Structure formats: C-alpha cells, structure tokens
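Here's the structure, in structure tokens; my notes come after.
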Amino acid sequence: MIGFLRGKLVYKAPPFLILDVQGVGYELEAPMTTFYDLPALNEDIKLHTHLVVREDAHSLFGFSTLADRALFRTLIKVSGVGPKLALTILSGQSAEEFHRCIHDNDTVALVRLPGVGKKTAERLVIEMRDRLPDLGESSPANINSGSTMPAIGNPKQEAISALCSLGYKPLDANKMVQNMSVEGKSCEDIIRLALQGALK
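Here the working numbering is used: the first residue of the sequence shown is 17, the next is one more, and so on.
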C-alpha cells in the first residue's frame, strides 16, 4: 500500500493531478477539498494516498489531510458507495460538515450532493453513525509537509468538466457556472462557488 507521496505537482485539472516523484509521474484523483489547497505547479507537496485495485484498473487517490483520507476509506465501506461517489461527497462537503449531517440525521443536505439519493442518504446516516468516532483519530496534516484526463483550457470550461466528473449532468454543470462572474477566478474558485450555490 502506498501511504503517501511527496513530489512536484506538474499537472492539475480536477479531479486529476499528476505528481512527479523522482522522475515517476503518479496520476491521482482527488476531491475538491484537496484541490482548494494545492500550491502552484512545479511546487513540492505531500499527499496522503489510497490505492483502489480492481480487475480492470489501479486507481490512486490523493488527500491533503489524514482526516479526509480516513473519511474516504470509511465511505467506500458503505454499501452502494464507490470511490467516485466518495470523492463527490468529499468535494461537496468538508469532513466537519459531513460529520454534522450524520450527527443531525440531515439527509436533506446529503441528497443535495450529486449521486446521493434518499435511500443512499439514509444508508449513510445509519452506517456511518457508528464509524464516525474512528475518523476523529486521524488528525489533519498540512499538504506541504489509465484514466482520461481533461485538457487544460479556460478555467470556466475546466470547472464544468470537473463538475461533470463529480457526477453533475453537463446541462446542470453549465447552469451552475453560466451566470457566475468568473473573471480573474481560478478553476478551483469557480468550482468552490458553484458547489456552494448548489448546496444551498
């Protein structure tokens, strides 16, 4: 198991990034909570990782904090929740917000996330409630201590592509950013604002 990677960030286009570790380029998928904290390209970073092995693919996921990785690992143990949906949940809510939803039985807030229906939200509340204390044992760590990746274009198009990768339909993703003032904003800023608007 690869516990973490420390290297140079050479590519980022949500949800994908590439880390150059001593000449080897590791392709990872990461939630938006991690992308919000990424440094500029060619800067050194450390990411905590989780490897998912399937018959048809080996997928590596990266997280800026141990808490996010712990939550991801717990989420994918829930029936019906795979890595992609787990990334979507982590992208739409912080670990603290998710904990609140589970603690308060707030299925309404969970259903606002793409791919989370009423039954899935109820299952998350039931199955995650007893597992949440385990997540608290992982303290946050500072980020600086075969998939087809989207091409880098303008931030607005990158944001739409990223939202689609997170489970939003193309029409909905377009609507989320269509009327937004994006001048001077990075792709990550646009996605953050779009997700905040969608979850209100």
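Don't be surprised by glycine CBs; every beta carbon is placed ideally from N, CA and C.
Small disclaimer: the values here were computed from a predicted structure and weren't measured.
DSSP lists 37 as the bridge partner or partners of residue 40. Nearest to residue 200 by alpha-carbon distance, out of 39, 103, 57, 172, is 172. Within the same chain, and ignoring the five residues on either side of residue 68 in sequence, the residues whose Cβ sits closer than 6 Å to its Cβ are 75, 99. The beta carbon of residue 97 sits closer than 6 Å to the beta carbons of 91 from its chain, once the five residues preceding and following it are set aside; these are given in chain order. Under the 8 Å Cβ criterion, the stretch 186-194 does not count as touching the stretch 135-145, having fewer than three qualifying pairs. In this structure, residue 131 sits near residue 101, with a CB-CB distance shorter than 8 Å. In this structure, residue 31 and residue 182 form a Cβ contact; the two beta carbons are roughly 7 Å apart against a cut-off of 8 Å.
Counting of Cβ neighbours within 10 angstroms places residue 119 among the exposed residues, the total staying below 16.
Less than 8 Å separates the beta-carbon of residue 65 from that of residue 44. Straight-line measurement puts the Cα of residue 143 at about 7 Å from the Cα of residue 94. Per the coordinates, the alpha-carbon of residue 63 lies some 13 Å from the alpha-carbon of residue 86. C-alpha of residue 22 to C-alpha of residue 89: approximately 20 Å in a straight line. Sorting 187, 108, 49 by C-alpha distance to the C-alpha of residue 128 places 108 at the top.
Scanning the stretch 19-91 from its first residue to its last, the whole alpha helix (DSSP H) runs of 4-plus residues come out as 48-51, 82-91. Taking a contact as a CB-CB distance under 8 Å, the pair residue 34 and residue 40 does not count as one, their CB atoms being some 10 Å apart.
Separation of the CB atoms of residue 52 and residue 204 is rounded to 6 Å, and the pair is thereby assigned contact status at 8 Å. Secondary structure of residue 190 (DSSP, three-state): helix. Excluding the 5 residues flanking it on each side, residue 184 has same chain C-beta neighbours closer than 6 Å at 130, in chain order.
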